[in-house]
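Peer 1: Heads up: the sequence shown begins at 576 in my numbering, then just goes up one per residue.
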Amino acid sequence: MSDSSSVYQSDLLNNETSNNARKGNLLLRLIRAAQPISRTEIANRLAIDKSTVTENVKPLLASGILREETLESEIVKGRKPRVLSFARDNDYFIGVNLGVRTSQVGLTTLKGEILSEDDFTTPPRAEAALDLTRGKIENLIRENADKNLRVIGVSVPGLTDVERRKLVYAPNLDWRNVDIAEALGVNGSVKVVVENDATAAAMYEARMKIRHTSDGLMTNFILVRSGTGIGVGLVIGGEVYRGTGAGRGIAGEFGHMTIVAGGKHCDCGNRGCWEKYASAASAASLYLGDRPLRPHESMPRFVEIVAKAENGDIRSKTTLEKIGDYLGIGIANVIMGVGIPRVIISGRLVYGWQFIEKPLKKAIERSIVGKLDGWSIEAGEPAGAVLGGALEVAVEEYLAQGLPA
Ligand SMILES: [Zn+2]
576 MSDSSSVYQS DLLNNETSNN ARKGNLLLRL IRAAQPISRT EIANRLAIDK
626 STVTENVKPL LASGILREET LESEIVKGRK PRVLSFARDN DYFIGVNLGV
676 RTSQVGLTTL KGEILSEDDF TTPPRAEAAL DLTRGKIENL IRENADKNLR
726 VIGVSVPGLT DVERRKLVYA PNLDWRNVDI AEALGVNGSV KVVVENDATA
776 AAMYEARMKI RHTSDGLMTN FILVRSGTGI GVGLVIGGEV YRGTGAGRGI
826 AGEFGHMTIV AGGKHCDCGN RGCWEKYASA ASAASLYLGD RPLRPHESMP
876 RFVEIVAKAE NGDIRSKTTL EKIGDYLGIG IANVIMGVGI PRVIISGRLV
926 YGWQFIEKPL KKAIERSIVG KLDGWSIEAG EPAGAVLGGA LEVAVEEYLA
976 QGLPA
């Protein structure tokens with residue numbers, strides 16, 4: 576963490592004029608990501624006094640949102656450390672990832688573990704897909720009748736509206752103006768939040784980064800989610816950036832930037848879009864040399880191409896290397912546009928990382944970004960791109976609202 580970011584954080588927590596909800600939110604986000612965590616570690620990571628931590632934590636302990644326990648298994652400086660974690664074991668959250676081919680519905684708590692996951696093929700029509708999803712949500716609610724459902728988070732492969740209730744447009748599903756919050760709202764009291772899937776995956780990766788570093792919360796990175804399409808999530812100062820004004824929800828739609836003039840036709844109506852060349856799904860047509868399928872032939876799946884490459888198949892290997900090159904060209908453009916030199920790759924594409932990494936980095940080295948010191952590209956978790964992201968959307972919304980007593 577740089578000096579400037581730690582000053583920024585301590586300002587946020589100490590400045591009396593800053594918003595109380597936001598102060599609490601930073602603290603809660605850190606506790607959630609790094610739990611169980613001691614007061615001393617919180618103070619260090621947020622660069623604030625321990626007394627400020629105690630002052631903020633006290634009402635949360637009193638209302639039963641947090642619990643503090645002695646770690647019996649560890650001794651630090653002659654003492655057994657006291658650590659904080661979320662209590663409220665009865666609060667739960669439902670996540671829905673509506674994917675182009677498959678969808679998932681699952682459940683989590685403030686502890687962060689995924690307690691159930693149900694995968695199903697996405698019906699092509701929005702109405703049928705949402706009916707099916709709603710049935711699955713109702714089942715989960717019945718099975719957890721003794722607990723409190725707090726928020727439902729939904730991740731979608733497309734643009735969302737400013738209020739995060741509707742899917743505005745998903746080119747790969749050909750769905751337009753779908754009021755998802757309305758269709759999945761089980762009753763008036765449970766909020767449904769709809770988020771772009773790359774942004775959701777970025778939220779998930781941000782929590783993982785906070786968990787696995789000793790830094791504060793001011794992480795900055797670009798998340799590139801490559802699966803059926805390509806989506807980009809932007810995390811700036813530890814928070815996702817969605818755009819402003821009428822553009823809220825469009826930030827990160829780089830999958831449809833033109834990368835080959837007059838190139839392959841895309842579902843969005845344009846030609847030569849990045850995702851036609853660098854998504855996991857684009858590997859199939861690249862592998863087939865862009866020829867039409869023969870009778871009884873089916874498109875090879877991405878994991879099949881990776882498996883063949885692992886067994887030494889040259890054509891598969893070349894396909895993945897080409898994807899890496901195209902991915903690198905696009906990533907260099909994105910870094911140039913937003914000025915964040917750290918990139919995390921997420922989604923199905925991660926399975927082929929061993930073949931993709933080298934040509935990807937070569938493409939970046941060729942670009943002007945390659946002249947910078949300290950750019951980095953790393954593979955994230957393929958799982959974060961699906962259900963993990965949708966659940967993250969739900970929990971983040973709950974923490975941002977300020978917790979009910
Ligand atoms: Zn397109």
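All C-beta atoms, glycine included, are put in the ideal place defined by N, C-alpha and C.
Between V671, G818 and I716, which lies nearest to V767 when the distance is taken from Cα to Cα?
Peer 2: Nearest option by C-alpha distance: V671.
Peer 1: Do you know offhand how far L974's Cα is from R739's?
Peer 2: Taking the straight line from one Cα to the other gives about 16 Å.
Peer 1: Quick check: the Cα distance between E591 and T794, rounded to an integer number of angstroms?
Peer 2: Caution applies to E591, whose pLDDT of 39 falls short of 50 and renders its modelled position unreliable; the model cannot decide the point.
Peer 1: Indicate whether L962 and Q679 have their beta-carbon atoms separated by less than 9 Å.
Peer 2: Contact flag set, yes.
Peer 1: In the DSSP assignment, find the unbroken alpha helix (DSSP H) run with F930 in it and report its ends.
Peer 2: From DSSP, the alpha helix (DSSP H) with F930 extends over W928 to R941.
Peer 1: Residues around ligand 1, please: the condition is that the C-beta lies closer than 5 Å to some non-hydrogen atom of it.
Peer 2: Listed by chain position, these are H831, C841, C843, N845 and C848.
Peer 1: So for N600, helix, strand or coil by DSSP?
Peer 2: Helix.
Peer 1: Is the beta carbon of R782 less than 9 Å from the beta carbon of R604?
Peer 2: A contact, by the Cβ cut-off of 9 Å.
Peer 1: When burial is assigned at 16 or more other CB atoms within 10 Å of the CB, is K933 buried or exposed?
Peer 2: By the 10 Å Cβ count, K933 comes out exposed.
Peer 1: By the 10 Å Cβ neighbour count, where 16 or more other Cβ atoms means buried, how is N594 classified, buried or exposed?
Peer 2: A caution first: N594 carries a pLDDT of 46, below 50, which makes its placement in the model unreliable, though a value can still be read off. The residue is exposed, with fewer than 16 neighbouring Cβ atoms inside 10 Å.
Peer 1: Please determine, among P698, G830, E643 and A882, the residue with the shortest C-alpha to C-alpha distance to L734.
Peer 2: For the residues P698, G830, E643 and A882, the minimum Cα distance to L734 belongs to G830.
Peer 1: Ignore the nearest five residues each way along the sequence and tell me which others in A701's own chain have a CB closer than 7 Å to its CB.
Peer 2: Contacts found: W750 and V753.
Peer 1: Kindly indicate which three-state DSSP category Q976 falls into: helix, strand or coil?
Peer 2: Helix.
Peer 1: Start and end of the beta strand (DSSP E) containing G644?
Peer 2: This sequence places Glu at residue 644; Gly is not what is there. E644 -> beta strand (DSSP E) spans L641 to T645.
Peer 1: So the candidates are Y816, Y744 and G760; which of them puts its Cα closest to the Cα of V913?
Peer 2: Selected option, being the one with the closest Cα: Y816.
Peer 1: Distance, Cα to Cα, A884 vs E896?
Peer 2: A884 and E896: Cα-Cα distance of roughly 10 Å.
Peer 1: Please return the same chain residues whose Cβ sits closer than 7 Å to the Cβ of T645, not counting the five positions on each side in sequence.
Peer 2: K655 and R657.
Peer 1: Are F668 and L724 closer than 9 Å when you measure CB to CB?
Peer 2: Cβ distance < 9 Å, so F668 and L724 count as in contact.
Peer 1: Could you say which of T696, I910, I712 and T803 lies nearest to G681 if we only look at CA atoms?
Peer 2: Nearest C-alpha to G681: I712.
Peer 1: State yes or no: is the C-beta of S854 within less than 9 Å of the C-beta of G802?
Peer 2: A contact, by the Cβ cut-off of 9 Å.
Peer 1: With a cut-off of 8 Å, do at least 3 Cβ pairs link the region 923-932 to the region 628-647?
Peer 2: As far as the Cβ criterion goes, the region 923-932 does not touch the region 628-647, which means the pair count is below three.
Peer 1: Put R846 into one of helix, strand or coil per three-state DSSP.
Peer 2: R846 falls in the strand class under three-state DSSP.
Peer 1: Closer than 8 Å is the cut-off here; do at least three beta carbon pairs connect the region 898-907 with the region 933-948?
Peer 2: Verdict: yes, contact present.
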